[in-house]
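Student:
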Amino acid sequence: MSPTTCHGPDGVDLSREEAWVLHAAVLEHVERVVAADGSPDRSLTVLDRIESCAPLDAADRDVVREALSTYDAPDRDRASVEAIRAALPARRTDGCASRR
1 MSPTTCHGPD GVDLSREEAW VLHAAVLEHV ERVVAADGSP DRSLTVLDRI
51 ESCAPLDAAD RDVVREALST YDAPDRDRAS VEAIRAALPA RRTDGCASRR
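In the UniProt record's numbering, the protein residues as written are 1 to 100.
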């Protein structure tokens, strides 16, 4: 991540440590997608938004959730993974955007 004062994407309240764990999880996700001969474009977009502190849209948040669910986090990062999940705006199933 670039050296800035932001800690992850805009609209998701993360500590510096949690932002680094998020970055690591999405980067690992990109590597898995590439290894499976998939297109990393969407995941790279999300990674770029995390690094630039840009907001994540609903599709971005789905990529983050997928990355976190498959991230083999070291013991020291597991609490951060749970904190990131809790910090993500809730997924809405009624077709409306989240107001959180």
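By construction, the Cβ of each residue, glycine as well, lies at the ideal position given by its N, Cα and C atoms.
With DSSP as the reference, label S52 as helix, strand or coil.
Tutor: For this step, residue 52 is matched to residue 52 along the sequence shown. Three-state DSSP puts S52 in coil, outside helix and strand.
Student: Tell whether a beta-carbon distance below 9 Å holds between V63 and L22.
Tutor: Here residue 63 refers to the residue found at position 63 of the sequence shown. Here residue 22 refers to the residue found at position 22 of the sequence shown. No.
Student: Are the beta-carbon atoms of D13 and A54 separated by less than 9 Å?
Tutor: If you number the sequence shown from 1, residue 13 lands on position 13. If you number the sequence shown from 1, residue 54 lands on position 54. No; because the gap between Cβ atoms is not below 9 Å, this pair is not in contact.
Student: Applying the criterion that 16 or more other CB atoms from any shown protein chain within 10 Å of the CB defines a buried residue, is A67 buried or exposed?
Tutor: Taking the first residue of the sequence shown as 1, we reach residue 67 at position 67. When all chains shown are included, A67 counts as buried.
Student: Would you please state the rounded distance, in angstroms, between the beta carbons of D60 and V46? I believe it to be under 8 Å.
Tutor: Here residue 60 is taken as the residue at index 60 of the sequence shown, counted from 1. Here residue 46 is taken as the residue at index 46 of the sequence shown, counted from 1. 5 Å between Cβ atoms; contact.
Student: For D62, name the three-state secondary structure that DSSP assigns.
Tutor: Position 62 of the sequence shown holds residue 62. Reduced to three states, the DSSP call for D62 is helix.
Student: For L12, which of helix, strand or coil comes out of DSSP?
Tutor: Locating residue 12 in the sequence shown gives position 12, counting from the first residue. The sequence given here places Val at residue 12; Leu does not occur at that position. In the structure shown, V12 sits in coil (DSSP, three-state: anything other than H, G, I, E or B).
Student: Between which two residues does the alpha helix (DSSP H) holding A86 run?
Tutor: The residue labelled residue 86 in the question sits at position 86 within the sequence shown. Looking at the DSSP string, the run of the alpha helix (DSSP H) that includes A86 is R78 to A87.
Student: Check each candidate in H7, E31 and A86 and name the one with the smallest Cα separation from Y71.
Tutor: To locate residue 71, count along the sequence shown from 1; it is residue 71. Of the listed residues, the one whose Cα sits closest to Y71 is E31.
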